[in-house]
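Quick notes on the structure that follows.
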Amino acid sequence: MTPARPRPFDKAAALTTRVATLLFVLLVLWGLWEGYRWLWIKTGWTKPFVVDETTLPHLHDIVGALFESPQVGGPLLIDLLLDSALFTAKEAVVGFAIGATIGFLLGAVIARFQVLQRGLMPYVVASQTIPILAVAPIVVVGLGSLTISGWTPEDWMRVSVIAAYLTFFPVTVNTVRGLSSADPAAVELMESYAASGWAVFWKLRVPSALPYLFSAFKVAATASVVGAVIGELPSSIQDGLGGAIINFNQYYVLNPENLWATNLIAALLGISFFLVVVLVEKLVVRRGPEELV
Amino acid sequence: MSDFVVSAERVTKTFGKGGVTALQEIDLEVGRGEFISLIGPSGCGKSTLLRVIGDLVEPTAGEILVNGKSAHRARLDRDYGIVFQAAVLYDWRTVSKNISLPLELGGWDRARRANRVREMVELVELEGFEKHYPWQLSGGMQQRVSIARALSFSPALLLMDEPFGALDEMTRERLNLELLRIWAETGSTVIFVTHSISEAVFLSTRVVVMSARPGRITAIVPIDLRQPRTAETREEPRFFELVTEVREALHAGGADEIVAELEALE
Amino acid sequence: MTTIAHQPSTRRGRTLGQRAGKWAPAVAVFGLGLVAWQWILPALGIERFLLPPFWDVVTAFWESRDELVRAGWITFQEALGGFALGCSLAFLFALVLARWRPLGRALMPYLIAANAVPIVAFAPITNAWFGILSPWSKIVIAAVLCFFPVLVNTLRGLTSVRPESLELMRSYAAGQPSVFRRVRIPNSLPFVFSALKIASVLAMIGAVVGDYFGGSTEALGVQIVSAVSLAQYETAWAAILVASVLGIAFYAAVALAERLALRWHPSMRGDSE
């Protein structure tokens, strides 16, 4: 029984359902938040933590704070945060791009040579079990004194290194897996056409590797954002979200909503990076995205 | 009501709002101890009919009685065992534990289960493989485990949905003989869905020929070959006559293109 | 009598020489790596703050070993606590969402998106909740980090059961609890362990990095950051080494549990790389 091609009406209906579910979920979350808050304040429970305006501000206060100025006469919070978010995003994107490229190249080389695979792969895989983020402070501070033939990297570039590092490993692992995942029968078919090594690589192995690659990209996209935020901390870079968090953390007791708002923007940044990858995947891989390989 | 194991009256099944009619007014009576094959082109509803009998699919109209009760009651009373084309064994259970699954669900105690598993393993001739895991067995052996499991609680009825469809010809023929032996030993009634005309004729006491969608019964061909059937049965003239009879019934049911495929497969 | 498809492979079948040969390249790389670390990198002029020579790091570790080990133990406990908390909640939610499928299907995209949130950025807030010195602020971070991946993967595993399997259980008139116990849960184990491995890493990261926003000095993260601020890079690397060893040990423990629990799985036949 073949399904009928979805008509425009069906597509519109599907979209409306999606939006409606989103609104419903947001509503439920808001309800849970405010309900928890109300209940804990009413009963005065102290476990797991004390609830008051400082530890759990009203959701509408948090959103409202976005449209106020943290400094008298200064720009709106949301403007400040968007600028910071863009700064952090820049670090993350540059890092992601570098890490993904190097990761793919290294993965392709490793996939090609069995010896390299057995020699290097255990370490690449093992490196994923190391809390890599722990290295962030050293890298960022250490690179601060680095000069390459008279050129000193700007602050944000050092943070990009963290993002690149975090992207590199999952992309390498999945590139090797993906390039090796081509069906042997399909490879034999190409060989029967006397296809050159490059042709087999680009027309068969790379397309087979795409689902694996995008799975790694999704992990890496999130990791780059996290890496960028963490990387900003020890280097006392003010312009990014990490700096904003430190800033508003200092004045938390006075204005808790600002820190919460910052976290909200950071969360949205992470989600939007993820969604971009999902979108690109939908366009590039006609098959439809694999969710969590 | 009857000594019929299955009694279907005007059973109809339509799927979806678009109204795809899988089964249309099926009337069928299956007596105790019979071996019935359901054969027909793809999409003729034979698997659906099997599932209606097993209360895995609800008919849109008509009445179906299994073992004198409603199909629903029969399922709850575990009056039948079912075998699918895929063995559907659980990877994390050994052969013995796979066979004992329905017994566990039936609340049998350990000693009784162990006894019955031993009997079943002997029945399907898999002695020595009790502690093996499914991935260690060939396809044919997995199906034998599946059959042992289906028969473990001695149901009156055995439903089989193209159980040997994924196996090679030689294994198929061997398993056909084994199935007949098991059928004789247990005395159960079998309803067997297949694509293969020669398999249907070889195994059955009656062959039910179904038409293309909407599925109707085109003909019921009684198979009067001598029992017990052996490998030589396939070479008797009467065998070929019956195969032709079934083939012509399939043609008549509007199965021309599909029959050509079936012939090529044989 | 039909022949067996393939013999179950026994580990004894591989000679010692064969197995050594397989690991040789990796061991060689390890040796080369150590050599490079100790001698080649300094020769190249890699500044000592970026990566001090191996032996200097070892010496620094030895000097502060009491502090570092104690900090490591405390951080590990935080990670373990977060892991236990996050994973158990995830299992609970997964069972509920698998039982009421429409809910699970509707929420899936949100759970996956929630995974993309930089949870570590919430550390200052948990510090405000539990106090900057309390282990709970790190445990909560680690728990949230573990929760989503484990939930998504467990849910996947619970629901990716083939239809014939469910039909089979229906033919046995088995109730839902039975179906869960005998089919869905065993089926989900490979997915669960795969997620648990990831979670072990995330928990360590949460515990260590959570400290970067402030914490007790008896924690690895704080040790790392304060060492860096005092330009004591050897100590910082020593602390990182401790964190890495703990991270690998945690992961290995989960992998071992996986091996034991999934003895029946085809991938555990002993031929896996």
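These protein sequences, in sequence, are chains F, Z and E.
Under the working numbering, the letters of the first sequence match residues 11 to 303, in that order.
Under the working numbering, the letters of the second sequence match residues 183 to 448, in that order.
Under the working numbering, the letters of the third sequence match residues 2 to 274, in that order.
For each residue, glycine too, the CB sits at the ideal point set by N, CA and C.
Residues in its own chain within less than 7 Å of residue i by CB, not counting five upstream and five downstream?
| i | result |
| --- | --- |
| V375 of chain Z | L220, K228, S229, L232, M342, D343, E344 |
| S190 of chain F | A121 |
| A220 of chain E | A72, I75, T76, D212 |
| F284 of chain F | K228, A231, T232 |
| R331 of chain Z | N280, I281, L283, P284 |
Given residue i, which residues of its chain have a CB within under 6 Å of its CB, disregarding the five upstream and five downstream residues?
| i | result |
| --- | --- |
| V141 of chain E | T127 |
| G82 of chain E | I140 |
| L37 of chain F | none |
| I255 of chain F | T272 |
| I247 of chain F | D165, G253 |
| T203 of chain Z | T196, P396 |
| A296 of chain Z | none |
| G87 of chain E | A144, C147, F148 |
| V255 of chain E | L197, K198, S201 |
| S189 of chain Z | E211, L247 |
How would you label residue i, buried or exposed, when you count the other beta carbons within 10 angstroms and need 16 or more for buried?
| i | result |
| --- | --- |
| A426 of chain Z | Reading off the sequence, residue 426 of chain Z comes out as Thr, not Ala. That one is exposed. |
| I402 of chain Z | exposed |
| G263 of chain Z | buried |
| E201 of chain F | exposed |
| N358 of chain Z | buried |
| A237 of chain E | buried |
| T76 of chain E | buried |
| N249 of chain Z | buried |
| H7 of chain E | Note that H7 of chain E scores 43 on pLDDT, short of 50, meaning its location in the model is unreliable; the coordinates nonetheless yield the value given after this. Classification for H7 of chain E: exposed. |
| R420 of chain Z | exposed |
| K213 of chain F | exposed |
| S10 of chain E | Bear in mind that a pLDDT of 45 at S10 of chain E, under 50, signals an unreliable position, so the model cannot answer this. |
| Q224 of chain E | buried |
| T218 of chain E | exposed |
Between residue i and residue j, how many whole angstroms is the CB-CB distance? I'm expecting something under 8 Å.
| i | j | result |
| --- | --- | --- |
| G222 of chain E | V209 of chain E | 4 Å |
| A143 of chain E | G207 of chain E | 4 Å |
| C226 of chain Z | A394 of chain Z | 6 Å |
| E312 of chain Z | V270 of chain Z | In fact, because the Cβ distance is near 19 Å, the residues do not count as touching under 8 Å. |
| G253 of chain F | S94 of chain F | 7 Å |
| L287 of chain Z | A175 of chain E | 5 Å |
| L156 of chain E | L98 of chain E | 6 Å |
| L285 of chain Z | R298 of chain Z | 6 Å |
| S234 of chain F | G105 of chain F | 5 Å |
| A230 of chain F | T177 of chain F | 4 Å |
| T368 of chain Z | G322 of chain Z | Not a contact, Cβ separation roughly 20 Å. |
| P26 of chain E | Y272 of chain Z | Rounded, the Cβ-Cβ distance is 39 Å, inconsistent with contact. |
| V162 of chain E | R182 of chain E | Rounded, the Cβ-Cβ distance is 13 Å, inconsistent with contact. |
Residue range of the beta strand (DSSP E) that residue i falls in?
| i | result |
| --- | --- |
| A243 of chain Z | 243 to 248 |
| R192 of chain Z | 186 to 197 |
| R388 of chain Z | 388 to 392 |
| P404 of chain Z | 399 to 404 |
| E207 of chain Z | 202 to 213 |
| V202 of chain E | Counting along the chain, V202 of chain E falls outside any beta strand (DSSP E), though it belongs to the alpha helix (DSSP H) covering 186 to 211. |
Over the uninterrupted alpha helix (DSSP H) stretch that includes residue i, give me the two end residues.
| i | result |
| --- | --- |
| F114 of chain F | 87 to 122 |
| T371 of chain Z | Per DSSP, T371 of chain Z belongs to no alpha helix (DSSP H); it is in the beta strand (DSSP E), 371 to 376. |
| L285 of chain F | 266 to 294 |
| F217 of chain Z | Unbroken run through F217 of chain Z is the beta strand (DSSP E), 217 to 221; no alpha helix (DSSP H). |
| Q325 of chain Z | 321 to 333 |
| A196 of chain F | 194 to 202 |
| I51 of chain F | 18 to 53 |
| S222 of chain F | According to the sequence shown, residue 222 of chain F is Tyr rather than Ser. 216 to 242 is the span of the alpha helix (DSSP H), which, as asked, contains Y222 of chain F. |
| D1 of chain E | Nothing about residue 1 of chain E can be read from this structure; chain E reaches only from 2 to 274. |
Using C-beta distances below 8 Å, list every residue in its chain close to residue i, excluding the 5 sequence neighbours before and after it, in chain order.
| i | result |
| --- | --- |
| P241 of chain Z | V193, T194, K195, L205, V234 |
| L242 of chain E | V58, F62 |
| L92 of chain F | I275 |
| R260 of chain Z | P284, G288, F335, P337 |
Quiz item: At a Cβ cut of 9 Å, what residues of the segment 227 to 256 of chain Z count as close to chain E, listed as they run along the chain?
Solution: R233, G236, D237, L238
Quiz item: What residues in the segment 378 to 412 of chain Z have a beta carbon less than 8 Å from any beta carbon of chain E?
Solution: none
Quiz prompt | Near-chain E residues of the segment 200 to 227 of chain Z - C-beta to any C-beta below 9 Å | solution = none
Practice problem: Anything in the segment 269 to 287 of chain Z with a Cβ closer than 9 Å to a Cβ of chain E? List those residues in chain order, please. | Solution: V270, Y272, D273, W274, R275, T276, L283, P284, E286, L287
Practice problem: Quick one: which residues of the segment 153 to 173 of chain E get their C-beta closer than 9 Å to a C-beta of chain Z? List them in chain order. | Solution: R163, E165, S166, E168, L169, M170, R171, S172, Y173
Quiz item: In chain order, what residues of the segment 273 to 286 of chain F put their CB closer than 9 Å to some CB of chain E?
Solution: N273, A276, A277, L278, L279, G280, I281, S282, F283, F284, L285
Quiz prompt | chain E contacts from the segment 292 to 303 of chain Z (Cβ-Cβ distance under 9 Å) | solution = none
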